[in-house]
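Trainee: Each step along the sequence shown adds one to the number in the working numbering, with nothing skipped, and position 247 is 391.
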Amino acid sequence: MKLYKIAALVYYDMLVFKNSRWKIAEFIYFPLTTIIIWGLFSVFVRDKAVEAGLVVLVVNIFWNFAYLAQSSVNMQMNDDTWSGSLKQILITGITEFEYLTARMIFAIIISIGIMLLMLGISYYVFGLSLIATNASDILILSALTLFASLTLAILLAAMIIAAGREYSFLAWSALQAFILLSAPFYPVSIFPEPVQVVSKLMPFTNIFEATRALVSAGTTNSAVLTEGFLITVAYAVFSLLAYKIVFHRARKTGGLVRLT
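1) Taking the alpha carbon of F313 as the point to measure from, which residue in E242, L212, K396 and N218 has its own alpha carbon closest?
2) When you compare the segment 365–377 with the segment 282–295, are there three or more beta-carbon pairs, one atom per stretch, that lie closer than 8 Å?
3) What residue from W166, Y387 and K146 has the CA that sits closest to A302's CA?
4) What is the DSSP secondary structure of P338, counted as helix, strand or coil?
5) Any idea what DSSP makes of R190, helix, strand or coil?
6) Would DSSP call P331 helix, strand or coil?
7) Measure the C-alpha to C-alpha separation of A276 and L230 and round it to an integer number of angstroms.
8) Please classify A251 as buried or exposed, where buried requires at least 16 neighbouring CB atoms within 10 angstroms.
9) Considering just the uninterrupted stretch of the alpha helix (DSSP H) at E353, what are its terminal residues?
10) Drop a sphere of 10 angstroms on the beta-carbon of R190, count the other beta-carbons inside from all chains shown, and report buried for 16 or more, exposed for fewer.
11) Nearest-angstrom Cα distance between A367 and Q220?
12) Does DSSP put K162 in a helix, in a strand, or in coil?
13) Can you tell me where the alpha helix (DSSP H) holding Y173 begins and where it ends?
14) So, helix, strand or coil for M248, using DSSP?
15) Is N222 buried or exposed, if buried means 16 or more other CB atoms sit within 10 Å of its CB?
16) DSSP three-state label for F209, please.
17) Answer with buried or exposed for L159, where buried requires no fewer than 16 other C-beta atoms within 10 angstroms of its C-beta.
18) Have a look at V187 and D224 and give me their C-alpha separation to the nearest angstrom.
19) Between the segment 345–354 and the segment 258–271, are three or more C-beta pairs nearer than 8 Å?
20) Could you pull the start and end residues of the alpha helix (DSSP H) that K231 belongs to?
21) How big is the Cα-Cα spacing for L384 and F391?
22) How big is the Cα-Cα spacing for S215 and F209?
23) Buried or exposed for G271, please, with buried defined as at least 16 other CB atoms from any protein chain shown within 10 angstroms of its CB.
24) Near T364, what residues of its chain come up, given a Cβ to Cβ distance below 6 Å and the 5 sequence neighbours on each side ignored?
25) Go to K388, then tell me how far its alpha helix (DSSP H) extends in each direction, as first and last residue.
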C-alpha cells in the first residue's frame, strides 16, 4: 500500500467533513445529545434503580461509539458514489485496501474524538466514576468495540458493492439489527433458543455482557472478552476476503462504474 495515497484520501475526507454541516450534526450532535438524555435518566433513577440507570448510560456510550466507527466508513463510501467522486478516486489507481484503509483511518479519528467527549460528559457531568476507577477496562472495551465496528463496516462495504447503490441504506441501518441481536441491556437468555444461537455469534454480544458486568460487579470477565475478540477476528477474516473478492469482481464486470 502507498501511504501518500491513503494520506491524501484521509485529508480529502477531513475537508469534506469540515464543509458538511449535516455530517457535523450527525456525528457530533446526535451522539452527545443521546448521552445527555440517558445521563439525565441515570440521575433520575439514582434513588430507585441506580444500577439499571448506569447500565443504560454506559451501554449507550459504546453503542454510539460503535455506530460512529461503522457508519463513518460506510457513509464516506456512499458519499463517493452519490457525488460521483468514486470514479475520480479509482482513476488514480488506488487499490481496494488503500481505499478502505483511508476510510477506516478517518472513522477512527472521528469516532475516538467523539468517544472522548461522551466519556468526558459522563464523568464530569453525570459522575460516572468507573471511567476513572476502571480506566483499563474502559480502554479494552473501547478497543474491542472499535475493532468489531470496523469489521462490520468492511462487511457492509462488500455487501453494498455487490448489491448496488440501492442498498446504500445499509450504511446507517444494518448496525441496528446487529445491536438488537447482541442483547445490549439484557442477557442473551431472554431470547428464544433459536435466536440465542445467533446472538452468541454477534460481534457485540460479549462486549455488552462485559459492559453490564463492569457496571454491576466493577470488573470484566477476561474469558468473555477473549471470546468476543475471537468472534470478531473470525468476522474480520471473512469480511476482508468478501471485500477483496467483491471489489475485484465489481472492477472487472463494471459494477464499480454502476455505483457512480
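For each residue, glycine too, the CB sits at the ideal point set by N, CA and C.
Mentor: The relevant details are as follows:
1) Along the sequence shown, read from residue 1 onward, the residue named residue 313 stands at position 169. Checking every option, the nearest Cα to that of F313 belongs to N218.
2) Yes: at least three Cβ pairs fall under 8 Å.
3) Start at 1 with the first residue of the sequence shown, and residue 302 comes out as number 158. Taking only the C-alpha atoms, the option nearest A302 is Y387.
4) Reading the sequence shown from its first residue, position 194 is the one you call residue 338. P338 falls in the helix class under three-state DSSP.
5) Residue mapping note: residue 190 aligns to position 46 of the sequence shown, counting from 1. Note: R190 maps to coil in three-state DSSP.
6) Taking the sequence shown and counting its residues from 1, one reaches residue 331 at position 187. The three-state reading of DSSP puts P331 in coil, since its state is none of H, G, I, E or B.
7) Position 132 of the sequence shown, counting from 1, holds the residue named residue 276. Position 86 of the sequence shown, counting from 1, holds the residue named residue 230. If I take the Cα positions, the gap works out to 43 Å.
8) Taking the sequence shown and counting its residues from 1, the one referred to as residue 251 is at position 107. Classification for A251: buried.
9) The residue given as residue 353 occupies position 209 in the sequence shown. Residue range T349 to A361 is occupied by the alpha helix (DSSP H) that includes E353.
10) In the sequence shown, the residue the question calls residue 190 occupies position 46. R190 is exposed by the Cβ-count criterion.
11) Position 223 of the sequence shown, counted from the first residue, corresponds to residue 367. Position 76 of the sequence shown, counted from the first residue, corresponds to residue 220. Taking the straight line joining both Cα atoms gives about 35 Å.
12) As a first step, residue 162 is located in the sequence shown; it is residue number 18 there, counting from the start. Three-state DSSP puts K162 in a helix.
13) Here residue 173 corresponds to residue number 29 of the sequence shown, with the count starting at 1. For Y173, there is no enclosing alpha helix (DSSP H), as DSSP marks it with neither H nor E.
14) Here residue 248 refers to the residue found at position 104 of the sequence shown. Helix, per DSSP.
15) Position 78 of the sequence shown, counting from 1, holds the residue named residue 222. Looking at its Cβ environment, which holds 16 or more other Cβ atoms inside 10 Å, N222 is buried.
16) Reading the sequence shown from its first residue, position 65 is the one you call residue 209. The answer is helix: DSSP assigns F209 an H, G or I state.
17) Translated into positions along the sequence shown, residue 159 becomes position 15. The residue is exposed, with fewer than 16 neighbouring Cβ atoms inside 10 Å.
18) Walking along the sequence shown from the start, residue 187 turns up at place 43. Walking along the sequence shown from the start, residue 224 turns up at place 80. When rounded, the distance between both Cα atoms is 42 Å.
19) As far as the Cβ criterion goes, the segment 345–354 does not touch the segment 258–271, which means the pair count is below three.
20) One-based indexing of the sequence shown puts residue 231 at position 87. K231 -> alpha helix (DSSP H) spans S229 to I235.
21) Here residue 384 refers to the residue found at position 240 of the sequence shown. Here residue 391 refers to the residue found at position 247 of the sequence shown. Each residue's Cα considered, the two are about 10 Å apart.
22) Taking the first residue of the sequence shown as position 1, residue 215 is located at position 71. Taking the first residue of the sequence shown as position 1, residue 209 is located at position 65. The alpha-carbon atoms of S215 and F209 are separated by roughly 10 Å.
23) Within the sequence shown, the letter at position 127 stands for residue 271. G271 sits exposed, since fewer than 16 C-beta atoms from the chains shown fall within 10 Å of its C-beta.
24) Within the sequence shown, numbered from 1, the residue matching residue 364 stands at position 220. Within the same chain, T364 has close Cβ partners D281, A354, A357 and L358.
25) Position 244 of the sequence shown holds residue 388. Run containing K388: S366 to T397, per the alpha helix (DSSP H) assignment.
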